[in-house]
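Shown next, in structure tokens, is the structure this report addresses.
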Amino acid sequence: MAVSLTGKLLVASRDLNDSHFSRTVVLLLHHDGEGAFGLVINRRSSVRLSDIWSRVGEGTCPHDLPVMVGGPVEGPLVVMHTNAMLGEMEVAPGVHFTSQREHFSALLQQACEPLKVVIASSGWSGGQLESELAEGAWEVADATRELIFGDDETLWQQISRHLADQRLVESLGIRHVPVRPWHN
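So in my numbering the end of the sequence shown lands on 244, straight run, no missing numbers.
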């Protein structure tokens, strides 16, 4: 392993046809020589938070958010949010996550937004992710608050298009691309 990708986004290539990962974006929470662990952040389940609230909170569910499917590996319900005081770990600049029930409940009661609720996770054994990257199954992008909490339905397409634009600029040797080139 040359460099850790912790805190980066894995973007499935157009050719990745695995049913669990086709057109997904994965936020890597941990990556080292022993393996990698992350959450798919753009795949909604049919479950809403109100459907499972009795297992994670008390009273009436304060927010009826969609629950995202973080991957094929069973795991706890986690919440990504921007409140550092209630976060267990900063996963990207200004983005934290928690799996603690008390923190989860407090985030919802305080109406802290944005929030992304995820159940299950994705994992790779040592060297597996590096092999998949070398095969071109994934591309790597910087994780930002805007992307993590952005529109999950268009996220994969948005990042894929941006990465393709970057490759084109690099292959043409262009040093600077104006934000609005049509204004030239």
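Even glycine gets a Cβ: it sits at the ideal position worked out from N, Cα and C. For clarity, every value in this text was computed on a predicted model and none was experimentally measured.
Exercise for the section: Quick one: using the 10 Å Cβ neighbour count with 16 as the cut-off for buried, is Val-229 buried or exposed? Expected result: exposed
Problem - Residue span of the alpha helix (DSSP H) that contains Leu-215, given as start and end - result: According to the DSSP assignment, Leu-215 belongs to the alpha helix (DSSP H) that extends over 215 to 232.
Exercise for the section: Taking the CB atoms as reference points, tell me whether Asn-143 and Cys-172 lie closer together than 7 Å. Expected result: yes
Handout entry: Thr-158 to Ser-231 span [Cα, whole Å]
Key = 41 Å
Handout entry: Stretch-stretch touch, CB-based, cutoff 8 Å, three pairs: the stretch 213 to 228 with the stretch 120 to 140
Key = no
Practice task
For Val-63, count neighbouring C-beta atoms within 10 Å of its own C-beta (all shown protein chains included) and say buried if the count is 16 or more, exposed if not.
Solution key: exposed
Problem - Presumed contact (8 Å Cβ cut-off) between Val-71 and Ala-201, rounded CB distance - result: 6 Å
Problem - Assigned secondary structure, Ser-110 (DSSP; H/G/I helix, E/B strand, else coil) - result: helix
Handout entry: Bounding residues of the beta strand (DSSP E) (the contiguous stretch that carries Phe-157)
Key = For Phe-157, the enclosing beta strand (DSSP E) stretches over residues 155 to 158.
Exercise for the section: Could I get the ranges of all uninterrupted alpha helix (DSSP H) runs contained in the stretch 65 to 139, with 4 residues as the minimum, in chain order? Expected result: 109 to 116
Exercise for the section: Output yes or no for whether 7 Å exceeds the beta carbon distance between Val-86 and Leu-109. Expected result: no
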